[in-house]
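Here's the structure we're looking at; comments come further down.
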Amino acid sequence: MTNLTRNSTRSFSDKQVNLDTLKSIISEAQQAPSWENSQPYHVFLATGDTAAKIRAAHEKNVNNKTKSWTEVVPPQTWTPAADANILDWQYQASNHPESKEFGGLNTTLFNAPAIVYITIKKDASNYVAYDAGAFGYGMLLAAQNHGLGAMPAYGFVRYPEEIHEYFEIPEDEAIFMGIGLGYASEDEINQFRPGRNDLDKILQIKG
Ligand SMILES: Cc1cc2nc3c(=O)[nH]c(=O)nc-3n(C[C@H](O)[C@H](O)[C@H](O)COP(=O)(O)O)c2cc1C
């Protein structure tokens, strides 16, 4: 599935998404490849009132400056090239006409009417992260095929207690990633399309 038009949706409308549509999106993402078809992840889906309560708790946590943490440790260092990409992204984001909205939208979890949490085993190998990442990207593409926007964000998982309040997540699993799903609002921020590296920056070919 080649796709050059997907981008992150940082502002969702209030419109709820039909449960069957959400289940189709997750089920289509299950076509992602994984190590010997291990499919080494679980999915927890918050919708309706539960998603609203999670968004409210999150907003409170951010506004109270509650210390955040994640069950999977984020990268502590980056390569110089990745660092440069991040700086470039920050520059583009801060120069976007709606840049002032970034913080607020992260605080309100982008008003996502549905939130998908992907868990993996706490002691998972990096290959499991590959599989879960492919699954997550599959969900972003499936959402777009259904006319929905999607938002993969660290923000969804940085207060794990918000999620444990509603889901019984097995003790040996870590909340790895959160993806917001819903209909994109008309907000200009949803047009933000950061570019990508020139291909020759990441590719070495020998003929
Ligand atoms: C693991 C991960 C965490 C992310 N966390 C955030 C976040 O907390 N806030 C945010 O605004 N964007 C977040 N993003 C979105 C990225 O900024 C975005 O995917 C990237 O800039 C490329 O833009 P695009 O998705 O619009 O193509 C995250 C993406 C990934 C894959």
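So that you can map any letter, position 10 of the sequence shown is 10 in the UniProt record's numbering, and since no number is skipped, the others follow by simple counting. Each residue gets a CB set at the ideal place from its N, CA and C atoms; glycine is no exception.
Quick one: is the Cβ of Arg10 within less than 7 Å of any heavy atom of ligand 1? Locating residue 10 in the sequence shown gives position 10, where the first residue counts as 1. Yes - ligand 1 has a heavy atom lying nearer than 7 Å to the Cβ of Arg10.
Look at the alpha carbon of Thr9 and the alpha carbon of Ser99, and state the distance between them as a whole number of angstroms. Within the sequence shown, residue 9 is the residue found at index 9, counting from 1. Within the sequence shown, residue 99 is the residue found at index 99, counting from 1. Each residue's alpha carbon lies about 14 Å from the other.
Taking Phe176 as part of the beta strand (DSSP E), name the residues at either end of that continuous run. Along the sequence shown, one-based indexing puts residue 176 at 176. First-last of the beta strand (DSSP E) with Phe176: Glu173 to Gly182.
Distance CB(Ile179)-CB(Thr119) smaller than 8 Å: Locating residue 179 in the sequence shown gives position 179, counting from the first residue. Locating residue 119 in the sequence shown gives position 119, counting from the first residue. Between Ile179 and Thr119, the CB-CB gap reaches or exceeds 8 Å.
Using the beta-carbon count (16 or more within 10 Å), is Gly149 buried or exposed? Within the sequence shown, the letter at position 149 stands for residue 149. Per the 10 Å Cβ criterion, buried.
Since Ala29 contacts Phe192 with CB under 8 Å, what's their CB separation in whole angstroms? Here residue 29 refers to the residue found at position 29 when the sequence shown is read from its first residue. Here residue 192 refers to the residue found at position 192 when the sequence shown is read from its first residue. Approximately 24 Å separates the beta-carbon atoms of Ala29 and Phe192; this is outside 8 Å, ruling out the contact.
Grouping DSSP H, G and I as helix and E and B as strand, with all else coil, what is His164? As a working note, residue 164 is residue 164 in the sequence shown. Helix, per DSSP.
So which of Phe102, Asp198, Val157 and Ile169 has the shortest CA-CA distance to Asp187? Within the sequence shown, residue 187 is the residue found at index 187, counting from 1. When only C-alpha atoms are compared, the closest one is Phe102.
Go ahead and pull the three-state DSSP assignment for Phe192. In the sequence shown, residue 192 corresponds to position 192, counting from 1. DSSP places Phe192 in coil when its eight states are reduced to three.
Can you tell me whether Tyr117 is helix, strand or coil according to DSSP? Walking along the sequence shown from the start, residue 117 turns up at place 117. Here Tyr117 sits in strand by DSSP.
Relative to the alpha-carbon of Ala57, which residue among His164, Gly195, Leu203 and Ile202 has its alpha-carbon at the smallest distance? Your numbering for residue 57 matches position 57 in the sequence shown. The shortest Cα separation from Ala57 among His164, Gly195, Leu203 and Ile202 belongs to His164.
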